[in-house]
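Chains as they are written, first to last, in the numbering used here: chain C, 1 to 395; chain F, 396 to 790.
Protein chains: 2
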Amino acid sequence: MYKIEKIEGGVCAAKGFFASGIAAGLKGNNALDIAFIYSPDLCNVAAKFTTNKMQAAPIRHFKQEKITQTNFILVNSKNANAMTGAKGVADIEEILQEVQKTHTNIFSPIMSSTGVIGVRLPKEKIIQGAKQFDLTQKEPSKAAHAIMTTDTFAKESAYEVTLKNGQSFRVGAMAKGAGMINPAMATMLCFITTDADISQEEMQAALDELTPLTFNAISVDGDTSTNDTVLLLSNKKSGCYDKEAFKEALRMLMLELAKMMVKDGEGATKLVTYRITGAANDQDAQTIAKALTNSLLVKTALYGEDPNWGRIASTVGASGAEAYEEKLRICFEDLCVYDRGEIHFDTKMEQAAAAIMQRDEFIISCDLGIGNGAFDAYGCDLGYEYVKINADYRT
Amino acid sequence: MYKIEKIEGGVCAAKGFFASGIAAGLKGNNALDIAFIYSPDLCNVAAKFTTNKMQAAPIRHFKQEKITQTNFILVNSKNANAMTGAKGVADIEEILQEVQKTHTNIFSPIMSSTGVIGVRLPKEKIIQGAKQFDLTQKEPSKAAHAIMTTDTFAKESAYEVTLKNGQSFRVGAMAKGAGMINPAMATMLCFITTDADISQEEMQAALDELTPLTFNAISVDGDTSTNDTVLLLSNKKSGCYDKEAFKEALRMLMLELAKMMVKDGEGATKLVTYRITGAANDQDAQTIAKALTNSLLVKTALYGEDPNWGRIASTVGASGAEAYEEKLRICFEDLCVYDRGEIHFDTKMEQAAAAIMQRDEFIISCDLGIGNGAFDAYGCDLGYEYVKINADYRT
Numbered sequence: 001m002y003k004i005e006k007i008e009g010g011v012c013a014a015k016g017f018f019a020s021g022i023a024a025g026l027k028g029n030n031a032l033d034i035a036f037i038y039s040p041d042l043c044n045v046a047a048k049f050t051t052n053k054m055q056a057a058p059i060r061h062f063k064q065e066k067i068t069q070t071n072f073i074l075v076n077s078k079n080a081n082a083m084t085g086a087k088g089v090a091d092i093e094e095i096l097q098e099v100q101k102t103h104t105n106i107f108s109p110i111m112s113s114t115g116v117i118g119v120r121l122p123k124e125k126i127i128q129g130a131k132q133f134d135l136t137q138k139e140p141s142k143a144a145h146a147i148m149t150t151d152t153f154a155k156e157s158a159y160e161v162t163l164k165n166g167q168s169f170r171v172g173a174m175a176k177g178a179g180m181i182n183p184a185m186a187t188m189l190c191f192i193t194t195d196a197d198i199s200q201e202e203m204q205a206a207l208d209e210l211t212p213l214t215f216n217a218i219s220v221d222g223d224t225s226t227n228d229t230v231l232l233l234s235n236k237k238s239g240c241y242d243k244e245a246f247k248e249a250l251r252m253l254m255l256e257l258a259k260m261m262v263k264d265g266e267g268a269t270k271l272v273t274y275r276i277t278g279a280a281n282d283q284d285a286q287t288i289a290k291a292l293t294n295s296l297l298v299k300t301a302l303y304g305e306d307p308n309w310g311r312i313a314s315t316v317g318a319s320g321a322e323a324y325e326e327k328l329r330i331c332f333e334d335l336c337v338y339d340r341g342e343i344h345f346d347t348k349m350e351q352a353a354a355a356i357m358q359r360d361e362f363i364i365s366c367d368l369g370i371g372n373g374a375f376d377a378y379g380c381d382l383g384y385e386y387v388k389i390n391a392d393y394r395t
Numbered sequence: 396m397y398k399i400e401k402i403e404g405g406v407c408a409a410k411g412f413f414a415s416g417i418a419a420g421l422k423g424n425n426a427l428d429i430a431f432i433y434s435p436d437l438c439n440v441a442a443k444f445t446t447n448k449m450q451a452a453p454i455r456h457f458k459q460e461k462i463t464q465t466n467f468i469l470v471n472s473k474n475a476n477a478m479t480g481a482k483g484v485a486d487i488e489e490i491l492q493e494v495q496k497t498h499t500n501i502f503s504p505i506m507s508s509t510g511v512i513g514v515r516l517p518k519e520k521i522i523q524g525a526k527q528f529d530l531t532q533k534e535p536s537k538a539a540h541a542i543m544t545t546d547t548f549a550k551e552s553a554y555e556v557t558l559k560n561g562q563s564f565r566v567g568a569m570a571k572g573a574g575m576i577n578p579a580m581a582t583m584l585c586f587i588t589t590d591a592d593i594s595q596e597e598m599q600a601a602l603d604e605l606t607p608l609t610f611n612a613i614s615v616d617g618d619t620s621t622n623d624t625v626l627l628l629s630n631k632k633s634g635c636y637d638k639e640a641f642k643e644a645l646r647m648l649m650l651e652l653a654k655m656m657v658k659d660g661e662g663a664t665k666l667v668t669y670r671i672t673g674a675a676n677d678q679d680a681q682t683i684a685k686a687l688t689n690s691l692l693v694k695t696a697l698y699g700e701d702p703n704w705g706r707i708a709s710t711v712g713a714s715g716a717e718a719y720e721e722k723l724r725i726c727f728e729d730l731c732v733y734d735r736g737e738i739h740f741d742t743k744m745e746q747a748a749a750a751i752m753q754r755d756e757f758i759i760s761c762d763l764g765i766g767n768g769a770f771d772a773y774g775c776d777l778g779y780e781y782v783k784i785n786a787d788y789r790t
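What follows is the structure, given as structure tokens:
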């Protein structure tokens with residue numbers, strides 16, 4: 001038995017974590033654009049990175065240094081430091097060395113970046129900015145704002161877990177990512193801190209298990225970013241841990257942040273859960289759910305609030321997963337519009353389905369009628385605003 | 396040695412083929428909406444169908460009847476007869492039986508449909524319309540117009556092949572498909588007729604070989620339609636044939652029609668050839684080329700005429716194919732913007748690349764620097780008009 005409660009404090013909620021953001025001149029207009037996370041105590045680190053073959057310099061640096069412990073993360077927005085090759089990695093080394101001259105209690109620092117691909121980092125601005133960090137500050141919201149790119153709101157959350165014996169630990173995080181409808185540019189970054197007394201191996205196992213169900217269950221097509229990163233740091237300062245409770249709190253935290261990213265999808269107006277059941281296996285269910293989140297036709301129908309179930313059926317059929325017209329059921333919330341060969345779609349039904357689609361959040365479910373495979377994925381619509389943001393982004 | 400010349404006549408260009416379209420009231424406003432292709436002589440048939448698991452009733456009917464010979468195809472627009480189950484197939488049987496009562500010289504007729512999914516065919520309208528067909532008419536353009544859905548122009552082409560000995564045969568076709576940027580709805584249909592003296596086996600082999608390089612090389616993601624169909628009919632009336640010449644003419648015809656579909660992509664303003672070379676193998680090259688044609692980020696950058704090569708690099712990296720940052724080259728036409736680790740992208744270069752992107756047609760090439768794998772794919776941009784068309788289509 002344990003209790004999980006939502007709390008304030010974001011990435012500083014867990015004991016012994018400090019964070020803030022400042023304006024280093026990357027974004028201009030005095031906007032916050034670099035952030036730090038710091039713990040006086042050394043932390044274990046677990047990490048998940050993009051599967052993109054063109055891994056950005058920060059990821060190459062992390063792997064090259066074989067980092068398993070750290071107490072400092074430096075994050076910049078506006079520039080991804082991707083496609084910059086060995087020079088990009090050398091830029092990171094230089095920046096971190098300079099920062100360590102001012103902040104001498106930093107050990108094995110990590111750098112993380114998000115923004116435009118193919119441009120060298122503005123090293124001097126970042127170094128001068130980072131030298132001004134006050135590592136005794138707990139300003140998680142400033143840090144969360146500094147890492148935003150096309151995000152329209154900062155993304156933070158934290159939970160406190162109280163165990164049966166009264167002991168408690170905390171898990172908090174900040175993230176950025178304006179909808180994985182735009183994964184190749186709107187990199188997804190998430191930094192999670194905890195004071196749970198957890199081993200590095202268990203942290204990594206938890207991230208490995210939960211990433212597919214959360215950050216990888218939002219509208220991602222193969223098009224993952226060059227920079228996508230999830231980092232989990234633990235300083236063990238609570239002195240307690242419970243595996244099941246930790247995993248549940250971490251799952252809630254990661255899913256909440258993942259859904260925030262979908263809601264903040266560029267130009268998105270709706271958050272849709274695609275609930276797949278009855279598939280031949282979980283892999284097939286996942287394939288179908290992701291095909292639905294990525295279908296341009298389904299996304300534009302959502303935007304038009306048009307209950308065009310034929311596009312859903314067609315996308316299921318095109319996904320490559322096992323599927324039969326005579327076994328498939330398609331429902332908008334409780335409203336079943338297609339049931340194993342029977343079309344339940346008269347004018348009244350259409351109006352009821354259209355009314356559901358006017359909601360900000362709703363569920364579209366598909367039962368394949370084959371086996372027990374199930375998966376939930378989370379997507380959004382695609383409207384004019386998406387085109388506007390992405391046609392104009394770089395220039 | 397042989398000569399291939401472009402000629403008029405579309406699907407009626409080959410000897411002994413008749414075609415026309417009439418208004419049966421499916422579209423309203425007296426617009427042409429059903430078409431026929433007829434040959435008094437029995438024809439061999441070769442076919443390629445969608446890989447979508449939810450195959451539409453016309454495809455189920457074709458397979459059920461095991462059709463290898465025919466002399467009549469009936470095509471309707473406005474309704475796809477998809478997700479209509481056994482009833483949809485029975486509707487086809489009834490329609491074709493009724494039509495044969497009027498047109499008694501029809502043998503083993505084929506039906507093909509395109510339009511909205513999940514609605515039963517308006518049988519009576521189609522039957523009454525088809526009874527009025529005049530099978531002695533050669534009005535290929537009317538037929539091509541009748542099969543249009545969101546297409547903005549009718550798609551026809553024909554070629555005459557003259558062999559060394561002076562004999563000649565012809566290949567002609569009509570097609571519909573408003574850009575495979577919208578494959579799950581804007582079904583691609585193509586009907587090809589020839590008087591070449593070719594066997595059914597050779598026809599099928601030619602279709603199997605050329606479809607991946609033409610219709611399947613345009614911006615298709617996994618999202619193929621429930622109805623996609625290519626049919627090739629030969630009545631052998633020219634009495635001559637040359638394998639190599641036939642295949643080349645067929646390739647030219649299919650590629651021309653495929654490119655027309657991309658150009659007519661819903662809201663599309665540009666036709667881009669993605670030329671992949673130096674990949675580990677042809678399959679990898681194809682994977683990369685298709686990932687580029689389907690990337691929302693690349694499509695919106697094209698629309699914005701923004702030479703954002705970082706999105707191209709990221710999409711190559713995310714495609715799953717073998718790729719290395721240090722070996723990749725990216726060029727807009729002759730302009731190399733990224734060359735194996737070196738970024739050639741100053742202001743002057745950017746302006747030159749932007750100027751290329753203002754063209755209606757241009758080439759983006761990626762050399763992977765690994766092996767000899769190569770593939771060309773054809774895509775278009777995605778703008779506001781696409782969203783408008785697809786948010787509003789059904790209602």
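Glycine included, every Cβ here is placed at the ideal spot set by N, Cα and C.
Distance from the CA of Ala680 (chain F) to the CA of Tyr773 (chain F), rounded to the nearest whole angstrom, comes to 13 Å. As computed with DSSP, Thr624 (chain F) is found in a beta bridge with F:Phe444, F:Leu584.
Against Lys448 (chain F), the close residues of chain C are Val316, Gly317, Ala318, Ser319, Gly320, Ala321, Glu322, Ala323, Tyr324, Glu325, in the order they occur along the chain (beta-carbon pairs closer than 9 Å).
Straight-line measurement puts the Cα of Leu250 (chain C) at about 23 Å from the Cα of Glu361 (chain C). Ranked by Cα distance from Lys458 (chain F), the first of F:Val470, F:Thr445, F:Asn466 is F:Thr445.
Ile765 (chain F) sits close to Gly673 (chain F), with the two beta carbons spaced by under 9 Å.
Look at Ser620 (chain F): its C-beta is under 9 Å from a C-beta on chain C. By the Cβ criterion, the region 1-18 of chain C is in contact with the region 158-171 of chain C, since at least three pairs of Cβ atoms, one from each stretch, lie closer than 8 Å. Under the DSSP definition of a beta bridge, Ser365 (chain C) partners with C:Arg275, C:Cys331. In the displayed model, Ser141 (chain C) falls within a helix according to three-state DSSP.
Two segments are said to touch when three or more pairs of C-beta atoms, one from each, lie closer than 8 Å; by this definition the region 489-497 of chain F does not touch the region 603-615 of chain F. Around the beta carbon of Pro453 (chain F), 16 or more other beta carbons lie within 10 angstroms, which makes this residue buried.
Sequence-ordered contacts of the region 505-538 of chain F with chain C read Val511, Ile512, Gly513 [C-beta pairs closer than 7 Å]. Annotation for Gln204 (chain C): the continuous alpha helix (DSSP H) segment containing it runs 200-210. The DSSP-derived three-state label of Lys401 (chain F) is strand. A direct Cα-Cα distance of roughly 9 Å separates Asn81 (chain C) from Asp91 (chain C).
Cα atoms of Phe641 (chain F) and Phe412 (chain F): separation of roughly 18 Å, rounded to the nearest angstrom. What Gly736 (chain F) touches in chain C, judged by beta-carbon distance under 7 Å, is Gly85, going in chain order. Within chain F, no residue has its CB atom less than 8 Å from the CB of Ala31 (chain C), the nearest being about 22 Å off.
The beta carbons of Arg724 (chain F) and Cys761 (chain F) sit closer together than 9 Å.
With contacts defined by Cβ atoms closer than 9 Å, Asp33 (chain C) and Ala146 (chain C) form a contacting pair.
With fewer than 16 other Cβ atoms inside 10 Å of its own Cβ, Glu639 (chain F) counts as exposed. For Gly310 (chain C), a Cβ of chain F is located within less than 9 Å of the residue's own Cβ. Here the alpha carbons of Lys694 (chain F) and Asp590 (chain F) stand approximately 40 Å from one another. Counting along the chain, no beta strand (DSSP E) covers Glu94 (chain C); the unbroken alpha helix (DSSP H) around it starts and ends at 85-102.
Secondary structure within the region 628-712 of chain F: the alpha helix (DSSP H) runs of 4 or more consecutive residues, fully enclosed, are 638-658, 677-689, 691-698 (chain order).
Between Tyr338 (chain C) and chain F, the shortest Cβ-Cβ separation is below 9 Å. The region 36-46 of chain C and the region 111-122 of chain C do not touch, with fewer than three beta-carbon pairs separated by less than 8 Å.
Counting other Cβ atoms within 10 Å of its Cβ, Met254 (chain C) reaches 16 or more and is therefore classed as buried. Residue environment analysis places Gly21 (chain C) among the buried positions, since at least 16 neighbouring C-beta atoms fall within 10 angstroms of its C-beta. Residue range 563-571 is occupied by the beta strand (DSSP E) that includes Arg565 (chain F).
When the five nearest sequence neighbours on each side are left out, the beta carbons in the same chain lying within less than 6 Å of the beta carbon of His61 (chain C) are those of Val89, Ile92, in order along the chain. Taking the beta carbon of Phe740 (chain F) as reference, the chain C residues within 9 Å of it are Gly118, Val119, listed in sequence order. Phe586 (chain F) sits close to Leu628 (chain F), with the two beta carbons spaced by under 9 Å. Listed in chain order, the positions of the region 650-666 of chain F with a beta carbon within less than 9 Å of a beta carbon of chain C would be empty, since no residue qualifies. Taking 9 Å as the CB threshold, Leu335 (chain C) stays off the interface with chain F.
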